[in-house]
Ligand SMILES: *Cc1c(COP(=O)(O)O)cnc(C)c1O
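Now the structure itself:
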């Protein structure tokens, strides 16, 4: 099936208020162009260098989202153009984003990635640690960062009860943090190819979908 066909099929299943981030990681720029030609403008990538390469090659009205774990020394590759960083999982990376955004005289939208999955390996803040960190009022000195919401990844399992539990927890964290940040804290990024319908049922308003649109990723090539 073509990228355009898959994209149309997915879009027809998403409520109007849900923003689609098309995850193009490990797919060539041509595949992104195909989705772009079919009308998609928001794309997500998980490696800074790959994101930078695609930014250089592709139309400049694409809105690029960083969704993968970000090392502090890589922020500089994407700071000049990235629209939103979903994967903010530590104070160190926040400080690095502030510093690089200031150098470019930009304000960068970020989401807190919160760990809820049962796997040990998944990244993200422990919620209690995030709360403790926020009590220090770090954003008083971060004028180049705009906090827009929460991102999370559910446990990788077929057990729907577990996945639903993870999404409900993310939703609860999102609601709990909202009063602190106000109206611009409006984004709950959860749901991927395998679980986006459930994520939407649980309150997601931004889904990050890759393989459904672009097909399976070939991990043997990199
Ligand atoms: C790869 C990735 C996705 C997309 O996954 P698919 O299963 O291909 O839809 C979404 N979110 C994050 C954080 C990812 O790394």
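Residue numbers (this note's numbering): 1067 to 1288. Cβ atoms here follow ideal geometry from the backbone N, Cα and C, with glycine treated the same way. These numbers were taken from a predicted model, which means no experiment stands behind them.
Q) Are residue 1247 and residue 1216 closer than 8 Å when you measure CB to CB? A) Sequence index remark: in the chain shown, residue 1247 carries index 181 (1-based). Sequence index remark: in the chain shown, residue 1216 carries index 150 (1-based). Not a contact, by the Cβ cut-off of 8 Å.
Q) Measuring CB to CB, does residue 1196 end up less than 8 Å from residue 1233? A) For the purposes of this step, residue 1196 is taken as residue 130 along the chain shown, with counting starting at 1. For the purposes of this step, residue 1233 is taken as residue 167 along the chain shown, with counting starting at 1. Not closer than 8 Å, so no.
Q. Just the Cα atoms here: how many angstroms apart are residue 1155 and residue 1143?
A. As a first step, residue 1155 must be located in the chain shown, where it is residue number 89. As a first step, residue 1143 must be located in the chain shown, where it is residue number 77. Straight-line Cα distance between these residues: approximately 18 Å.
**Q.** Boundaries of the beta strand (DSSP E) in which residue 1131 is found, first to last residue
**A.** The residue labelled residue 1131 in the question sits at position 65 within the chain shown. Looking at the DSSP string, the run of the beta strand (DSSP E) that includes residue 1131 is 1129-1132.
Q) Is the beta carbon of residue 1274 within less than 7 Å of some heavy atom of ligand 1? A) In the chain shown, counting from the first residue as 1, residue 1274 sits at position 208. Within the cutoff, so yes.
Q. In the structure shown, what three-state DSSP assignment does residue 1109 receive?
A. The count along the chain shown starts at 1 and reaches residue 1109 at position 43. Strand at residue 1109.
**Q.** As assigned by DSSP and simplified to three states, the class of residue 1205
**A.** Reading the chain shown from its first residue, position 139 is the one you call residue 1205. Residue state, collapsed to three classes: helix.
Q: Measure the C-alpha to C-alpha separation of residue 1202 and residue 1270 and round it to an integer number of angstroms.
A: The residue given as residue 1202 occupies position 136 in the chain shown. The residue given as residue 1270 occupies position 204 in the chain shown. Roughly 28 Å separates the two Cα atoms.
Q.
What residue range does the alpha helix (DSSP H) around residue 1086 cover?
A. On the chain shown, residue 1086 is found 20 positions in, with the first residue counted as 1. No alpha helix (DSSP H) contains residue 1086, which is instead part of the beta strand (DSSP E) from 1085-1089.
Q: Can you give me the Cβ contacts of residue 1056 inside the same chain, cut-off strictly under 7 Å, excluding the 5 residues immediately before and after it?
A: The question about residue 1056 has no answer, for the chain in this structure spans 1067 to 1288.
Q) Do you know how far the Cα of residue 1174 is from the Cα of residue 1128? A) Reading the chain shown from its first residue, position 62 is the one you call residue 1128. Reading the chain shown from its first residue, position 108 is the one you call residue 1174. Each residue's Cα considered, the two are about 15 Å apart.
Q | Where residue 1179 falls: helix, strand or coil (DSSP) | A | Counting from 1 along the chain shown, the entry for residue 1179 is found at position 113. In the structure shown, the three-state DSSP call for residue 1179 is strand.
**Q.** residue 1228, enclosing beta strand (DSSP E) - first and last residue
**A.** Reading the chain shown from its first residue, position 162 is the one you call residue 1228. No beta strand (DSSP E) holds residue 1228; the alpha helix (DSSP H) holding it covers 1226-1247.
Q. Just curious, the beta strand (DSSP E) that residue 1079 is in, first and last residue?
A. Residue mapping note: residue 1079 aligns to position 13 of the chain shown, counting from 1. Unbroken run through residue 1079 is the alpha helix (DSSP H), 1069-1079; no beta strand (DSSP E).
(Q) Is it buried or exposed, residue 1253, if we count other Cβ atoms within 10 angstroms and call 16 or more buried? (A) Within the chain shown, the letter at position 187 stands for residue 1253. Result: buried.
Q. Can the beta-carbon of residue 1274 be found less than 8 Å from the beta-carbon of residue 1255?
A. Translated into positions along the chain shown, residue 1274 becomes position 208. Translated into positions along the chain shown, residue 1255 becomes position 189. Against a cut-off of 8 Å, the Cβ pair of residue 1255 and residue 1274 comes out as a contact.
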